[in-house]
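Residue numbering for the sequence shown is 52 to 274, as defined by this note's numbering.
All residues carry an ideal CB built from backbone N, CA and C; glycine is no exception.
The next block holds one structure in the form of structure tokens; read it before the comments.
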Amino acid sequence: MSLKVGGTTALIAEGVAVVALAAALAHAGSEHGATLIAGLFLGMCQWRSWRFDDARVLGDGLALGGLVVRLDEPLAALRRSVWWLLLAVVLTFPPFVVAWRLALNPVESFVPTRAFANLQPLAELALVALPEEAFFRGYLQSRLSESSSRRFGPLTHANLVASALFALGHFGTAISFARASVFFPSLLFGVLRERTGGIVVPMIFHALCNVLSRVLFQGFGLV
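Structure representation (structure tokens):
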């Protein structure tokens with residue numbers, strides 16, 4: 052099948068519609084709201100990408116490291132993925148921790164036993180990072196990049212639009228400008244998707260970011 056798809060406007064409209072539905076599910080009050088939202092994002096990827104041929108799946112970066120579609124050079128892809136993941140963690144986590152402490156200025160001391168209590172990294176990966184990265188970075192950003200090749204310095208138009216929709220989704224599920232600030236890490240997720248050719252690295256990095264944030268809030272007694 053052809054990799055050419057509809058224009059940018061149609062893709063943005065589709066993204067807004069999915070984000071609005073996710074927000075409605077979040078506000079429905081169901082205890083299964085998070086699972087339903089994850090199902091929505093993964094269902095969109097199945098409908099719009101996974102059910103087609105290997106070229107479509109690879110073009111959308113949804114091969115999941117060879118689990119869905121076989122990669123031609125899996126070892127090279129693995130080395131590239133590990134390199135970019137380590138680079139992202141080393142360059143961003145230390146300054147983030149420093150900035151977080153300066154911004155929130157916690158009164159209590161950090162307590163490791165409290166910080167790492169009740170962490171669910173696998174749930175963060177499977178129920179949050181995977182569906183969000185699959186839809187926003189896999190399907191949406193990939194298709195937007197086919198419709199527009201414009202760049203703004205190091206950032207592609209596709210990354211900027213997908214990140215704006217990602218932030219809109221978070222703002223819609225919890226009306227808070229702090230929630231909309233996920234636009235900025237989303238840009239990094241988008242760069243990782245473009246540099247590695249898939250969503251595995253941004254997915255793992257996304258989950259690690261969520262875990263780090265939870266560790267800080269719990270460790271300093273802010274939750």
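Just checking my contact of residue i with residue j at CB under 8 Å: how many whole Å lie between their CB atoms?
i      : j      : result
Phe240 : Phe256 : 7 Å
Cys96  : Gly189 : 6 Å
Leu62  : Arg194 : 5 Å
Ala218 : Ala231 : 5 Å
Ser199 : Thr59  : 5 Å
Glu159 : Phe271 : 6 Å
Val67  : Leu216 : 7 Å
Thr247 : Arg130 : Rounded, the Cβ-Cβ distance is 11 Å, inconsistent with contact.
What is the rounded straight-line gap between the Cα of residue i and the Cα of residue j?
i      : j      : result
Glu289 : Val133 : What is shown of the chain runs 52 to 274, which leaves residue 289 out entirely.
Leu211 : Arg202 : 9 Å
Leu109 : Leu136 : 20 Å
Glu65  : Leu191 : 9 Å
Pro157 : His208 : 37 Å
Val141 : Ile88  : 31 Å
Met254 : Val274 : 25 Å
Arg99  : Val148 : 38 Å
Phe187 : Val69  : 10 Å
Pro172 : Leu118 : 20 Å
Val251 : Leu267 : 24 Å
Pro163 : Leu170 : 12 Å
Ala229 : Leu122 : 39 Å
Gly84  : Ala150 : 32 Å
Whose C-alpha, out of the options, is nearest the C-alpha of residue i?
i      : options                          : result
Leu115 : Ala229, Arg244 and Val266        : Arg244
Val179 : Gly220, Arg130 and Leu155        : Gly220
Phe222 : Leu122, His208, Leu155 and Ala75 : Ala75
Ala168 : Phe147, Val242, Gly66 and Arg265 : Arg265
Leu72  : Leu91, Leu181 and Leu126         : Leu91
Glu197 : Arg107, Ser81 and Ile88          : Arg107
Pro236 : Gly84, Arg121, Val149 and Phe144 : Phe144
Val120 : Asp105, Arg130 and Val262        : Asp105
Ser262 : His83, Ala174, Leu155 and Pro146 : Looking at the sequence itself, residue 262 is Val, so the reference to Ser does not match. Measuring from the Cα of Val262, the nearest candidate turns out to be Ala174.
Please classify residue i as buried or exposed, where buried requires at least 16 neighbouring CB atoms within 10 angstroms.
i      : result
His78  : exposed
Asp111 : buried
Trp101 : buried
Trp269 : Going by the sequence as given, residue 269 is Gln instead of Trp. Classification of Gln269: buried, given that the 10 Å Cβ count is 16 or more.
Thr86  : exposed
Gly204 : exposed
Gly80  : exposed
Leu126 : exposed
Ala139 : buried
Leu153 : exposed
What is the DSSP secondary structure of residue i, counted as helix, strand or coil?
i      : result
Leu170 : coil
Ser53  : Residue placement at Ser53 is flagged as unreliable, the pLDDT there being 38, under the threshold of 50; a coordinate-derived value is accordingly withheld.
Arg202 : strand
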